[in-house]
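Taking it in order: structure first as structure tokens, then the write-up.
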Amino acid sequence: MRKVSIFGATGSVGAQTVDLIRRAGGAGAYQVVALTGGRNIALLAEMARELRAGVAVCSDPADLAALRDLLAGSDVEAQAGVQAIAEAADRPADWVMSAIVGAAGLVPGLRALRHGTTLALANKESLVTAGPLLMATASAHGAHILPVDSEHSAIFQALVGEDIAAVERIILTASGGALRDWPLEALANASVTDALAHPNWAMGQRITIDSASMFNKALEVIETREYFGVLPDQIEVIIHPESLIHSMVGYRDGAIMAHLGAPDMRHAIGYALNWPSRQALPVARLDLAQVATLTFRAPDLQRYPALRLAREVIARRGLSGAAFNAAKEVALDHFLAGHIGFMAMAGVVEATLTAVDGDIGPEIGGLALEDVAAMDHLARIRAGEIARRAAGAD
Ligand code: NAD
Ligand code: MG
2 MRKVSIFGAT
12 GSVGAQTVDL
22 IRRAGGAGAY
32 QVVALTGGRN
42 IALLAEMARE
52 LRAGVAVCSD
62 PADLAALRDL
72 LAGSDVEAQA
82 GVQAIAEAAD
92 RPADWVMSAI
102 VGAAGLVPGL
112 RALRHGTTLA
122 LANKESLVTA
132 GPLLMATASA
142 HGAHILPVDS
152 EHSAIFQALV
162 GEDIAAVERI
172 ILTASGGALR
182 DWPLEALANA
192 SVTDALAHPN
202 WAMGQRITID
212 SASMFNKALE
222 VIETREYFGV
232 LPDQIEVIIH
242 PESLIHSMVG
252 YRDGAIMAHL
262 GAPDMRHAIG
272 YALNWPSRQA
282 LPVARLDLAQ
292 VATLTFRAPD
302 LQRYPALRLA
312 REVIARRGLS
322 GAAFNAAKEV
332 ALDHFLAGHI
342 GFMAMAGVVE
352 ATLTAVDGDI
362 GPEIGGLALE
372 DVAAMDHLAR
382 IRAGEIARRA
392 AGAD
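Count along the sequence shown starting at 1, add 1, and that's the number in the working numbering.
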């Protein structure tokens, strides 16, 4: 039986992964090695009991006693804490879903790769912060990384059987998020609730806000560079409000291969789960006559400064991805807490990149985890200082 683990099982991507595993026969079809979650231990315990997981790990040690109670009478082991989550990745598995949100997803993913495990990677932050390290670890241990971002899964699928050298351009589609039709001058006053009203995709809170600011697309531009090794000038972003084309690959003969489907993450999750084969998935089928029109528009860089910053990060490489991601996470925390405005997030990230510039270092082959962690730490401190100053000035 195939052994699988899900990191961040209780989140949006994690729960959809559990859903696909359940539909494919659950504990009768897969041996679920480990499930991890954050504070929602009731859901974690319910999933672990149903899938007869070997171990359930919650992130906060304060929840351990309660998790043990919830699992009493089952064969599921209960554990807690950052270290326990990392150790869960050492348990032998054939396939691991990395769906923790934020930089916390990096270490478990790396640990799984060191065992040669196939890593389904939803946690884009780990590629942005430590792309060269992840890719080098995968290749050193003969492990596969399968993208579980809808765009990168689309690109990956459009590349099947093709030569990467024949790729001329990669076109990332973006919905434009909740605020895409707002006047530019109104954006500064957009609230958390406004930014959470995503038109097409139902996702976790943080990525939904990142969609409205296009920090999500900025991460994805960097992610594209790390996954596919293309040059920055080969990566384009286009707003496609219907979110039916998940991304495209343009080849040197002018042909463009596009991946279309309903805006449902189970496309990307299911492709990674069943790869290299394709299995039936419970996703809506597109009725193109009903859809009738697909529309596109160029992104306005004034509205989306994050896209410009992503290009700077790609040009700079080294530890700038780690700094960018950490600063973005801190800026988002301050926006969620109501300390800074929507458009101020990009200002915080840009000022942080400038503040840590001397510590970014030149491009190096395979970043060390300690350097990434140190930059993550430094950028969080600087971004916090900058955000507090910005909050005071508001
Ligand atoms: P989410 O917030 O819904 O879930 C995150 C999961 O991680 C939860 O299980 C949560 O408990 C856990 N978690 C949070 N902080 C943690 C920590 N410090 N330590 C351990 N566990 C922690 O997030 P999501 O929307 O499912 O996104 C997960 C990842 O997938 C992100 O990297 C996101 O960018 C990426 N992604 C999500 C979608 C989507 O549709 N939701 C699409 C593409 C990519
Ligand atoms: Mg995406």
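Think of the CB as a built atom: it goes at the ideal place given N, C-alpha and C, for glycine as much as any other residue.
{"Item": "CA nearest to the CA of His247, picked from Val161, Ala198 and Thr174", "Value": "Thr174"}
{"Item": "Min CB distance Ala90 to chain D below 9 Å", "Value": "Within the model displayed, chain D is absent; a lone protein chain is all it includes."}
{"Item": "Counterpart residues of Tyr272 in DSSP-defined beta bridges", "Value": "BP columns for Tyr272 are empty, so no partner."}
{"Item": "Residue from Arg318, Ala369 and Val14 whose Cα sits closest to the Cα of Asp358", "Value": "Arg318"}
{"Item": "Those runs of the alpha helix (DSSP H) which lie wholly inside the region 93-135 and span at least 4 residues", "Value": "107-115"}
{"Item": "Contact check, His268 vs Val284, beta carbons under 9 Å", "Value": "yes"}
{"Item": "Simplified DSSP state of His199, which is helix, strand or coil", "Value": "coil"}
{"Item": "Run of the beta strand (DSSP E) containing Ile171, from where it starts to where it stops", "Value": "Val168 to Ala175"}
{"Item": "Whether Val58 touches Gly82 by CB criterion (9 Å)", "Value": "yes"}
{"Item": "Environment of the ligand MG in chain order, Cβ to heavy atom below 7 Å", "Value": "Asp150, Ser151, Glu152, Asn217 and Glu221"}
{"Item": "Test item: CB-CB of Ala338 and Val373 under 9 Å", "Value": "no"}
{"Item": "Neighbourhood of Tyr305 by C-beta, 6 Å cutoff - its chain only, sequence neighbours within 5 removed", "Value": "Met215"}
{"Item": "Distance cut-off 8 Å: Arg381 Cβ against heavy atoms of the ligand NAD", "Value": "no"}
{"Item": "Buried versus exposed call for Arg207 [16 or more other C-beta atoms within 10 Å across all chains shown]", "Value": "buried"}
{"Item": "Spatial neighbours of Val292 in its chain, beta-carbon cut-off 6 Å, leaving aside the 5 residues before and after", "Value": "none"}
{"Item": "Span separating the alpha-carbon of Ile22 from that of Tyr31", "Value": "7 Å"}
{"Item": "Close-in-space but distant-in-sequence residues of the same chain around Ala388 (CB under 7 Å, 5 per side omitted)", "Value": "Val331, Ala332, His335, His340, Ile341 and Val349"}
{"Item": "Among Ile210, Met249, Trp202 and Ala213, the one whose alpha carbon lies nearest that of Thr225", "Value": "Met249"}
{"Item": "4 or more residues per run - each alpha helix (DSSP H) lying fully within the region 194-243", "Value": "206-214 and 216-229"}
{"Item": "Check: Val14 C-beta below 8 Å from any heavy atom of the ligand NAD", "Value": "yes"}
{"Item": "For His260: DSSP bridge partner residues", "Value": "Ser248"}
{"Item": "Beta strand (DSSP E) segment containing Ile156, residue limits", "Value": "Looking at the DSSP string, Ile156 is not in any beta strand (DSSP E); the run it does join, the alpha helix (DSSP H), is Ser151 to Ala159."}
{"Item": "Phe8 beta carbon near the ligand NAD (any heavy atom closer than 8 Å)", "Value": "yes"}
{"Item": "Strand pairing of Lys329, partner residues [DSSP]", "Value": "DSSP lists no partner for Lys329."}
{"Item": "Contact set for Leu134: own chain, Cβ-Cβ below 8 Å, skip 5 residues either direction", "Value": "Leu111, Gly367, Leu368, Ala369, Leu370 and Val373"}
{"Item": "Which of helix, strand or coil DSSP assigns to Phe336", "Value": "helix"}
{"Item": "Euclidean distance between Cα positions of Ala391 and Asp211", "Value": "19 Å"}
{"Item": "3-residue-minimum beta strand (DSSP E) runs that sit fully inside the region 14-83, ordered along the chain", "Value": "31-38, 56-59 and 78-81"}
{"Item": "Cβ pair Val149, Ala121 closer than 9 Å", "Value": "yes"}
{"Item": "Ile165, DSSP secondary structure in three states", "Value": "helix"}
{"Item": "Inter-stretch contact (C-beta, 8 Å, three-pair minimum) for the region 89-104 and the region 5-18", "Value": "yes"}
{"Item": "Residue range of the alpha helix (DSSP H) that includes Pro306", "Value": "Pro306 to Arg317"}
{"Item": "Assigned exposure category for Arg383 - 16 Cβ within 10 Å defines buried", "Value": "buried"}
{"Item": "Straight-line gap, Leu107 to Glu227 (C-alpha atoms, nearest Å)", "Value": "15 Å"}
{"Item": "Thr11 CB to nearest heavy atom of the ligand NAD below 8 Å", "Value": "yes"}
{"Item": "Closer than 8 Å: Gly177 CB and nearest the ligand NAD heavy atom", "Value": "no"}
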